[in-house]
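Residue numbers (our numbering), protein chains in the order written: chain A, 1 to 324; chain B, 325 to 648.
Step one of this worksheet: look at the structure below.
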């Protein structure tokens, strides 16, 4: 039986056999380095899953899958500079291992390379233009999401719609595009490719809200990161936004006081978590996850009317379980 | 009579009427800011001149002209961060007026926007794919040129072929692409579009060598910048590369000593200039300019067999005169 893990193997072989080549090394090496750091490869898998709806052999979709992963890693390379992040997947980030200028330029090259891959797709020109159009819109939204995220750091308040626009841009639109473009390349009709896009978008939003939720209310053993990390970093999450909306004056004062402190203290985590529970923002986040998941399910139903969606569901379910 | 100045006016009107729009402002404003700083607009003019060979009305080529100028300004925005440049055209650079993170992200957006413009070109899909293909190759070479340039700063020696690859990438390939793509969009045949590319490439190389030459041997009144600026900055120019090749041991020792000092001294300028003259690297640069100009002329002859090249020649001649 084909599982999405077969796709993963095919993709990993493809990446291994198709490194970037060129001189000078300082330009090409960082691109190969970040691509080989690993990760779950969710986005190229989504491309192959979208394509696999209509095709048993996904070989033809590998370059598109790679374009998406190269684009994703371009954003990681530049985001790491902007976020001043020293480590990615246990290894030094490009701007640390080399320097920030090299990380800027090598990232630029990766964006150019992703577009070259799109332009070299072996398909009819209409489909190529359509995929490139979706890619451009997606890439712009990713920039928008990152700028919102940077703005939030210095803003005193954040409203929910800006927050949702941020997580949509930073995470969801690329998942959505990956599925949609895979479907388009595979020849699925517009009803299906639109549903693939919306499924990816809503699954992405559900994941992101879950990520906020688990960071505070998750189980330490299975979460991986320290529970309460967002609170310690004074991160403007959905929980924080909703809590400030619901808080009475004294609760708001207390929350703002805790978020005004930059300390590594379990007392801070406990106090803010208790406040969140009192204001029932945990339930609010659960409802919101449920809403996004339901929407995603409805779009999956549309696809299921024409195609077998088992592989897509199995990836989504594994991701949900792994993150919990 | 149509002159290229009519094209310039059309392009400037187009830019004015088609600013980037979107939220958040921090993402879109820097892109509009750098585009409105001015400049000679050589690259969009070259697109229109290439297109104008076969068309009396260049309106249809304005989006392509703009894509090229947007791409050029993306490279300027990122280069200014890498070069730590505070001022561009008398105004603060984006990373100074806003901050480096905004300059990275807004530059990324401009590269995405340039590609969006290409994908929205109103032309047949074959031509669009062809132009996008050339654009991708050009963009990669620009990254290569910038990386070579950064590498040179810390290299003890630079060989001439790397130097030429650097100036080709940093300047010439975009001029070459602009003319070629304009011709392709206008429907010129491959003999002509290839000749347009080669003409642009060689004119660009001639300009760049002239720039090196004039920085040391130019006339202060007309050059604009301080004569000897490259020497003061210990820049690894063609003059310096050739001088080190020709120098006797004592001359090499003297040159390297001067280039080991970071001082603002007329004595340094005079000493190095005299050494350059003694080694006749001024004549070498003149020969090289002549070679590139002759090559450019030969390619222009090919175009002239089919089309009127007066406007192209008049722009090139004005640029040569203005720079002297």
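C-beta atoms are modelled at their ideal positions from N, C-alpha and C, and glycine is treated no differently.
Asked, Found
"Presumed contact (8 Å Cβ cut-off) between residue 335 of chain B and residue 365 of chain B, rounded CB distance", "6 Å"
"Backbone secondary structure at residue 482 of chain B - three-state DSSP", "coil"
"Option in B:633, B:347 and B:626 with minimal Cα separation from residue 148 of chain A", "B:347"
"Any C-beta of chain A under 8 Å from that of residue 350 of chain B", "yes"
"Helix, strand or coil at residue 412 of chain B [DSSP, three-state]", "strand"
"Cβ pair residue 361 of chain A, residue 131 of chain A closer than 8 Å", "Residue coverage of chain A in this structure runs from 1 to 324, which leaves residue 361 of chain A outside it and unanswerable."
"Own chain, CB closer than 7 Å to residue 419 of chain B, minus 5 neighbours either side, in chain order", "404, 405 and 427"
"For residue 508 of chain B and residue 462 of chain B, the rounded distance between their alpha carbons", "15 Å"
"Under 9 Å (Cβ pairs) to chain B, residues found in the region 129–150 of chain A", "129, 132, 133, 135, 136, 137, 139, 140, 142, 143, 144, 146, 147, 148 and 150"
"Cβ-based burial, residue 484 of chain B [other Cβ within 10 Å; buried from 16]", "exposed"
"Residues of the region 430–448 of chain B whose Cβ lies closer than 7 Å to any Cβ of chain A, in chain order", "432, 433, 435, 436, 439, 440 and 443"
"Closer than 8 Å to chain A by CB, residue 402 of chain B", "yes"
"Check: residue 630 of chain B C-beta below 7 Å from any heavy atom of the ligand MG", "With respect to the ligand MG, the structure offers nothing, as it holds no ligand at all."
"Reduced DSSP category for residue 344 of chain B - H, G, I as helix; E, B as strand; rest coil", "coil"
"The region 482–499 of chain B touching the region 572–586 of chain B, judged by at least three CB pairs closer than 8 Å", "no"
"Straight-line gap, residue 298 of chain A to residue 61 of chain A (C-alpha atoms, nearest Å)", "26 Å"
"Close Cβ partners of residue 644 of chain B (< 7 Å) along its chain, the five nearest in sequence each way excluded", "none"
"Closer than 8 Å to chain B by CB, residue 101 of chain A", "yes"
"Member of B:577, B:378 and B:344 whose CA lies at the smallest distance from the CA of residue 503 of chain B", "B:378"
"Buried/exposed call for residue 86 of chain A, threshold 16 Cβ in 10 Å", "exposed"
"Option nearest residue 327 of chain A by Cα separation, candidates A:226, A:294 and A:278", "This structure cannot speak to residue 327 of chain A, because chain A is shown only from 1 to 324."
"Contact with chain B by residue 156 of chain A, beta-carbon distance below 8 Å", "no"
"Outcome for residue 242 of chain A when other beta-carbon atoms lying within 10 angstroms are tallied against a minimum of 16", "buried"
"Helix, strand or coil at residue 380 of chain B [DSSP, three-state]", "coil"
"Assigned secondary structure, residue 307 of chain A (DSSP; H/G/I helix, E/B strand, else coil)", "coil"
"Pair within 8 Å by beta-carbon distance, residue 624 of chain B and residue 618 of chain B", "no"
"Neighbouring residues, chain A, relative to residue 450 of chain B (Cβ below 8 Å)", "125"
"Short-range partners of chain B found in the region 177–189 of chain A, where Cβ spacing is below 8 Å", "none"
"Cβ neighbour criterion (16 or more within 10 Å) applied to residue 430 of chain B", "buried"
"Interfacial residues, the region 376–408 of chain B to chain A, with Cβ spacing under 7 Å", "402, 405 and 406"
"For residue 282 of chain A, the nearest candidate out of A:136, A:238, A:67 and A:126 (CA to CA)", "A:238"
"Given residue 247 of chain A as reference, the closest of A:272, A:316, A:91 and A:65 once Cα atoms are compared", "A:272"
"Short Cβ contact (8 Å threshold) for residue 392 of chain B with residue 354 of chain B", "no"
"Start-to-end residues for the alpha helix (DSSP H) that takes in residue 258 of chain A", "249–259"
"Coarse secondary structure for residue 225 of chain A, derived from DSSP in three states", "coil"
"For residue 56 of chain A, the nearest candidate out of A:98, A:20, A:6 and A:279 (CA to CA)", "A:6"
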